[in-house]
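Residue numbers (full-length UniProt numbering), protein chains in the order written: chain A, 1 to 497; chain B, 1 to 246. Think of the CB as a built atom: it goes at the ideal place given N, C-alpha and C, for glycine as much as any other residue. Predicted model only: the values in this text are computed from it and were never measured.
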């Protein structure tokens, strides 16, 4: 179905890494192939050769030939390719061309000039097959990331291509949405579609993939069957920069007991959004150096809670105390800092150095230097923050918080779309901050990251604090239960039918 | 300001063809700019408000109308009860805002109630070249997203003690604008890039005229709006010319 014949590629823009060297690979009809490897290993590039984005959208030098269905893909304009190859991308927010869901589902068909009757027929079939009746007739601005992803998928599905390309589709999804994605892929596989997925978080593909292609520096360095892959020793897998295929094998790292006295106290905190109660009667204590993971389903109030902690959300009752003194919203803004999922929103200056002291009346330049050194980004001090890598940007935001002497740090999904190495680096960053005595909260759906970085887990759901436990070896099953529950529940439902 | 497209819950009572909307946008703006008197302008704004409510942008229209009414009251107080520099300052300010505001309102109403694919189909009908339609469409698509971006940016600014308030805009105008502009630009660039990739891989550049799920057609409503706004514009121009000559 897809064949790469000695394909090499270099991006024209030198900044883009991830070129290809001599790739030979044949993917059969109906096969599900996973491309994995470190960021920049070329897995995304490989998908772009199949859907024609290379060289049309990303110019560069191609040698060798990519065949789809026996035809050289370069001979066809990209709009003809799109009849056979459907692409789902990483960011649900930016792959929506329309502003309402119905038009979005029909978008591809409209471009391929389907007559209206046929379009309507395909839409009803798509809606039924993908079980998204509740998403029709909605505005995109009221959808969650996972729902947007589903509609984007539906738009492709309606065009009924024989090949599906997915580029890190789970990066911005929570575990329920990942489970839905898994089920959709299962359906496609049953229909005999060919699926090619480039992905870092791979556990959800365990039962689906037929082959796993491991790439390094633009070349294919190994091809595994799932059972071969599962038998790779953990240490070797880590040195390959790969995440786990089987979450039950993931171990928490051992942490020293935190003997510090609690310094942050949350008493009877209830949160409201407009007049609606979001989270009822939250109570917790946190000591300096604690790294607290906040988990919960979509809409459980995790982000409202973090925004309240930062003083950004003020519609709440109850108390938040620091060292016994009550903090109002204004002083919470001074005490705490949130590192956003998309850090670009919080970087304003034109060099990293200036960024660290931006908006401060009498900046402490020594503190800025120290912060940058401590985080390993001092050598980039004259770079524009937006030319830095994702991880460096994150560190830049953390440096800012250190210069501003913030004591409470809140991270929103700091590991979305990160490979194993980068994830471990973020865990290391948390260690540094923990040693400095910061109180760290992290909202995340990343099981492996929770296990690698957190000392404690708070579970919010159904408007309440459900659980609060230290993340020790003995407690890991509770965390796993939470992550695997939705999968199990749905499997049970299926068996019940 | 919340832009919201007509969905199941906010169904419009009046459907206008996107071609009519484009025409109204141009003609309405000309009429507003040339409006010969305050009363005439208010009459025109009332028409825009009725239009906004009928096509389904209720909340947006009502809020904008309230601000406009405030401006008018301020203007009347300014001209009749104030003197000296304060009068000049307030009157110039309100006249300026009063001219821009209804235009923005009309634009907002029309953009927020037009489906992207309807707009593209309409542009196809009037034989606008694709090279122009696509960028226009991406723009149309990006407007409502600014609202989302704004939420994140304003959060980020508040945590850095450079909150985007009226006060900070007056005391540190350059810095405040920069804070909003830089991340907004970065986000826009990224989104535009990803959006284009997603659209291109779904055949957006097919040279054959694209079809449209919704039928677009002219109706009585289009004719009424067409006549009403053309009339307003003609009267504006006529009065202006007459005034200018006499």
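Spatial neighbours of residue 314/A within its chain, please: C-beta separation below 8 Å, excluding the five flanking residues on both sides.
Here residue 314/A is taken as the residue at index 314 of the first chain, counted from 1. When the five nearest sequence neighbours on each side are left out, the beta carbons in the same chain lying within less than 8 Å of the beta carbon of residue 314/A are those of 308, 329, in order along the chain.
Below 7 Å CB to CB, which residues in the same chain sit around residue 49/B once its five sequence neighbours on both sides are set aside?
To locate residue 49/B, count along the second chain from 1; it is residue 49. Correct list, in chain order: 61, 65.
Can you confirm whether residue 113/B, when its beta carbon is compared against all beta carbons of chain A, has any partner nearer than 8 Å?
Residue mapping note: residue 113/B aligns to position 113 of the second chain, counting from 1. Not an interface residue.
Beta-bridge pairing of residue 294/A - partner residues as DSSP gives them
Locating residue 294/A in the first chain gives position 294, counting from the first residue. When beta bridges are read from the DSSP output, residue 294/A appears opposite 443/A, 458/A.
Spatial neighbours of residue 243/B in its chain, beta-carbon cut-off 7 Å, leaving aside the 5 residues before and after:
Here residue 243/B refers to the residue found at position 243 when the second chain is read from its first residue. 36, listed in sequence order.
By the 10 Å Cβ neighbour count, where 16 or more other Cβ atoms means buried, how is residue 127/B classified, buried or exposed?
What you label residue 127/B is simply residue 127 of the second chain in a count that begins at 1. Exposed is the call here.
Can you give the beta carbon distance from residue 156/B to residue 346/A, rounded, assuming they're within the 8 Å contact cut?
Here residue 156/B refers to the residue found at position 156 of the second chain. Here residue 346/A refers to the residue found at position 346 of the first chain. At roughly 4 Å, the Cβ-Cβ gap stays under 8 Å, so residue 156/B and residue 346/A are in contact.
In whole angstroms, what is the alpha-carbon distance linking residue 171/B and residue 360/A?
Position 171 of the second chain, counted from the first residue, corresponds to residue 171/B. Position 360 of the first chain, counted from the first residue, corresponds to residue 360/A. Counting only the Cα atoms, residue 360/A lies some 14 Å from residue 171/B.
Taking one C-beta from the stretch 71-79 of chain A and one from the stretch 160-171 of chain B each time, how about it: are there three or more such pairs within less than 8 Å?
The answer is no - the stretch 160-171 of chain B does not touch the stretch 71-79 of chain A, with fewer than three Cβ pairs under 8 Å.
Restricting to Cα atoms, I'd like to know which of 456/A, 185/A, 102/A, 113/A is closest to residue 82/A.
Here residue 82/A refers to the residue found at position 82 of the first chain. Ranking the options by Cα distance to residue 82/A, first place goes to 113/A.
Who are the neighbours of residue 183/B on chain A, taking C-beta pairs under 8 Å?
One-based indexing of the second chain puts residue 183/B at position 183. Residues of chain A whose Cβ lies closer than 8 Å to the Cβ of residue 183/B are, in chain order, 344, 345, 346, 347, 348.
Three-pair Cβ contact test at 8 Å for the stretch 269-281 of chain A versus the stretch 241-248 of chain A:
Judged by Cβ distances under 8 Å, the stretch 269-281 of chain A makes no contact with the stretch 241-248 of chain A, as fewer than three pairs qualify.
Sequence-distant residues of its chain with Cβ nearer than 6 Å to residue 4/B (five each side left out):
Position 4 of the second chain, counted from the start, is the residue given in the question as residue 4/B. A caution first: residue 4/B carries a pLDDT of 42, below 50, which makes its placement in the model unreliable, though a value can still be read off. Excluding sequence neighbours, residue 4/B sits near nothing in its chain.
According to DSSP, residues forming a beta bridge with residue 26/A:
Counted from its first residue, the first chain places residue 26/A at position 26. Beta-bridge pairing links residue 26/A to 3/A.
Selection from 82/B, 72/B, 102/B, 84/B that minimises the alpha carbon distance to residue 94/B:
In the second chain, the residue the question calls residue 94/B occupies position 94. Ranking the options by Cα distance to residue 94/B, first place goes to 72/B.
Indicate whether the contact test is met: 3 or more Cβ pairs, each with one atom in the stretch 52-71 of chain A and one in the stretch 10-27 of chain A, closer than 8 Å.
Below 8 Å, enough C-beta pairs join the stretch 52-71 of chain A and the stretch 10-27 of chain A to call them touching: three or more.
Using C-beta distances below 8 Å, list every residue in its chain close to residue 68/B, excluding the 5 sequence neighbours before and after it, in chain order.
On the second chain, residue 68/B is found 68 positions in, with the first residue counted as 1. The beta carbon of residue 68/B is closer than 8 Å to those of 45, 98, 101, 102, 105 in its chain, skipping five residues each way along the sequence.
For the stretch 195-207 of chain A, which residues have a beta carbon sitting closer than 9 Å to at least one beta carbon of chain B?
Hits within the stretch: zero.
Can you check DSSP and say which residues form a bridge with residue 279/A?
Locating residue 279/A in the first chain gives position 279, counting from the first residue. When DSSP reads this structure, residue 279/A sits in a beta bridge with 271/A.
Spatial distance of residue 456/A from residue 389/A (CA atoms)
For the purposes of this step, residue 456/A is identified with residue 456 of the first chain, where counting begins at 1. For the purposes of this step, residue 389/A is identified with residue 389 of the first chain, where counting begins at 1. If you take the alpha carbons of residue 456/A and residue 389/A, they lie about 29 Å apart.
Per DSSP, which one or two residues make a beta bridge with residue 432/A?
What you label residue 432/A is simply residue 432 of the first chain in a count that begins at 1. According to DSSP, which records beta bridges pairwise, residue 432/A is partnered with nothing at all.
Taking only beta-carbon positions, decide if residue 4/B is within less than 8 Å of chain A.
Mapped onto the second chain, residue 4/B falls at position 4. Below a pLDDT of 50, predicted positions are generally treated as unreliable, and residue 4/B, at 42, falls in that range; the measurement from the model is reported next regardless. Residue 4/B has a beta carbon lying within less than 8 Å of a beta carbon in chain A.
List, in order along the chain, the chain A residues whose C-beta lies closer than 9 Å to that of residue 17/B?
Translated into positions along the second chain, residue 17/B becomes position 17. Those within 9 Å of residue 17/B in chain A number zero; the least Cβ separation is about 16 Å.
Contact with chain B by residue 386/A, beta-carbon distance below 8 Å:
Here residue 386/A corresponds to residue number 386 of the first chain, with the count starting at 1. Closer than 8 Å to some Cβ of chain B, the Cβ of residue 386/A qualifies, so yes.
Just to make sure I have the definition right: I need the residues of chain B whose C-beta is within less than 9 Å of the C-beta of residue 340/A. Which are they?
Residue 340/A sits at position 340 when you count from the first residue of the first chain. Neighbours of residue 340/A on chain B, chain order: 152, 155, 156.
Here's the rule I'm using: 16 or more other beta-carbon atoms within 10 Å means buried, otherwise exposed. How should residue 228/A be labelled?
As a position in the first chain, residue 228/A is number 228, starting the count at 1. With fewer than 16 other Cβ atoms within 10 Å, it is exposed.
For residue 358/A, return the contacting residues in chain B, with the cut-off set at a CB-CB distance below 7 Å.
Here residue 358/A is taken as the residue at index 358 of the first chain, counted from 1. Among the residues of chain B, those whose CB is under 7 Å from the CB of residue 358/A are 160, following chain order.
Is there a Cβ from chain A that is less than 8 Å from the Cβ of residue 186/B?
Here residue 186/B refers to the residue found at position 186 when the second chain is read from its first residue. Answer yes: the Cβ-Cβ gap between residue 186/B and chain A drops below 8 Å somewhere.
Neighbour flag for residue 141/A against chain B, beta carbons, 8 Å:
Within the first chain, residue 141/A is the residue found at index 141, counting from 1. So yes, residue 141/A belongs to the interface.
Grouping DSSP H, G and I as helix and E and B as strand, with all else coil, what is residue 331/A?
Taking the first residue of the first chain as 1, we reach residue 331/A at position 331. Helix, per DSSP.
In the structure shown, what three-state DSSP assignment does residue 301/A receive?
As a working mapping, residue 301/A is identified with position 301 in the first chain. Residue 301/A falls in the coil class under three-state DSSP.
Nearest-angstrom Cα separation, counted from residue 419/A out to residue 193/B:
Along the second chain, one-based indexing puts residue 193/B at 193. Along the first chain, one-based indexing puts residue 419/A at 419. Approximately 23 Å, taken between the alpha carbons.
Name the chain B residues whose beta carbon is nearer than 9 Å to that of residue 315/A?
Sequence index remark: in the first chain, residue 315/A carries index 315 (1-based). Simply none; closest approach about 15 Å.
Could you tell me which of 378/A, 415/A, 323/A, 446/A sits nearest to residue 439/A, measuring between CA atoms?
Taking the first chain and counting its residues from 1, one reaches residue 439/A at position 439. 323/A is the residue among 378/A, 415/A, 323/A, 446/A whose C-alpha sits nearest the C-alpha of residue 439/A.
Given 8 Å, three or more beta-carbon pairs between the stretch 221-240 of chain A and the stretch 257-270 of chain A:
As far as the Cβ criterion goes, the stretch 221-240 of chain A does not touch the stretch 257-270 of chain A, which means the pair count is below three.
How is the alpha helix (DSSP H) around residue 560/A delimited, first residue to last?
The structure shown does not extend to residue 560/A, since chain A spans only 1 to 497, so no value can be given for it.
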